[in-house]
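Here our numbering is used: position 196 in the sequence shown is 188, and no number is missing along the way.
Worksheet: one structure, shown below.
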Amino acid sequence: MDIMLPKVRKAVFPAAGHGTRFLPATKAQPKEMLPLVDKPLIQYAVEEAVRSGIPNIIIVTGRGKSAIEDHFDVSFELEHVLEVREKQELLGVVRGISEMINVAYVRQKEALGLGHAVLRARELVGEEPFAVVLSDDVIDAETPCLRQLLDVYEAHGASVLALMEVPKENVSAYGVVQAEPVRYNGGEDRLFRIRSLVEKPLPGEEPSNLAIIGRYVLTPDIFTSLEATEPGRGGEIQLTDGLRHLLGTRPIYGYRFEGKRYDAGDKLGFLKATVEFALQRADLGSEFREYLKRLLNSGG
């Protein structure tokens, strides 16, 4: 009799960082609430989890992050104003935000690394597999990136990391894997069995150009590995180091996802995402495209 594979029902969203790359905009608001066109970054990531079939969201917050909680909460005053003014479409949008997920919060009192943030969610996750989503990584894909990873998890019953090929000169900014291809869905260029992981390798020491991107599906034994992981530079516990420890006892896979990733934690990446997402909008795209053409033609 086959053992039933536990279903992934929860996604952890680390959101306790200081957002220093976006100062002064993030002095009084979380970077996760920076608007990409007209939705905050974290909402894109939450919507991806929902479209992937994960209804339970755990957000790891810190001091000054109350705007995130307010965003996903009910806003009776705003809903009343929209109702009185008969703005039914906007009312539906606002209500949809608070109704789309079951959300819980846990505090990370100090930003001590991604691994530490994941470990803070242990009590809420329990002994079941879960996803980790970094809202800095905005991924535009026909099939949500997280859903792609869940399909691999359901096929292999092991932790899965999102991978992306990056230029060699940029590899040292990422966690990087040494891996061998595995046949999957008729091909051998998407799924990899991971043999080793390195966090931000020095130039010339990278094992490949396959970088880890901010989507993970993890088995609950990652918590034990994180507890056994020694803090590194700055007293931080890195998730990559915890995954390397986990490799000693469990297989881990990497999946080179289909879709386009924007590094919205970087100013230039954020601007690129804003432009391209605006161009995709039915209500903005046409006029915005004409504006950009005029701007380029004028030499602006």
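Where a beta carbon is used, it is the ideal one built from N, C-alpha and C, also for glycine.
Taking all protein chains shown into account, residue 125 has 16 or more neighbouring C-beta atoms within 10 Å of its C-beta and is therefore buried. Its Cα nearest to that of residue 185, the residue 245 stands out among 245, 233, 232.
Within a 10 Å sphere around the beta-carbon of residue 274 sit fewer than 16 other beta-carbons, which makes this residue exposed. In the structure shown, residue 20 falls within a coil segment according to DSSP collapsed to helix, strand and coil.
The beta carbon of residue 151 is closer than 6 angstroms to those of 210, 211, 244 in its chain, skipping five residues each way along the sequence.
In this structure, 9 is the residue among 63, 289, 147, 9 with its C-alpha nearest to the C-alpha of residue 104. Bounds of the alpha helix (DSSP H) holding residue 35 are 33 to 43. By the criterion of a C-beta distance shorter than 6 angstroms, residue 26 is surrounded in its chain by 33, once the five residues flanking it on both sides are discounted. As computed with DSSP, residue 194 is found in no beta bridge at all.
The C-alpha of residue 167 lies about 8 angstroms from the C-alpha of residue 193. For residue 214, the enclosing alpha helix (DSSP H) covers residues 214 to 219. Contact between residue 96 and residue 50 is confirmed by a C-beta separation of about 5 angstroms, below the 8 angstroms threshold.
Residue environment analysis places residue 85 among the exposed positions, since fewer than 16 neighbouring C-beta atoms fall within 10 angstroms of its C-beta. Pairing residue 165 with residue -1, the inter-Cα distance amounts to about 33 angstroms.
Under DSSP, residue 172 shares a beta bridge with 185. Contact between the region 114 to 122 and the region 16 to 26 is absent: fewer than three C-beta pairs spanning the two stretches fall below 8 angstroms. Between the alpha carbons of residue 224 and residue 107 lies a gap of roughly 11 angstroms. For residue 153, the secondary structure class from DSSP, reduced to helix, strand or coil, is strand.
The C-beta distance from residue 251 to residue 65 rounds to 30 angstroms, too long to meet the 8 angstroms contact threshold. Counting C-beta atoms within 10 angstroms of its own C-beta, residue 76 has fewer than 16 neighbours from the protein chains shown and is therefore classed as exposed. Going by C-alpha positions, residue 181 is about 19 angstroms away from residue 189. Given a length threshold of 3 residues, each whole run of the beta strand (DSSP E) inside the region 35 to 104 is given here in chain order: 48 to 53, 94 to 99. Taking a contact as a CB-CB distance under 8 angstroms, the pair residue 44 and residue 138 counts as one, their CB atoms being some 4 angstroms apart.
In the structure shown, residue 143 adopts helical secondary structure according to DSSP, grouped into three states. Proximity of the region 251 to 267 to the region 4 to 18 meets the contact definition, three or more beta-carbon pairs being nearer than 8 angstroms. Beta-bridge annotation (DSSP): residue 255 is paired with 129. Non-local beta-carbon contacts of residue 3 in its own chain, meaning distances under 6 angstroms to residues more than five positions away in sequence, involve 41, 46, 49, 123, 125 in chain order.
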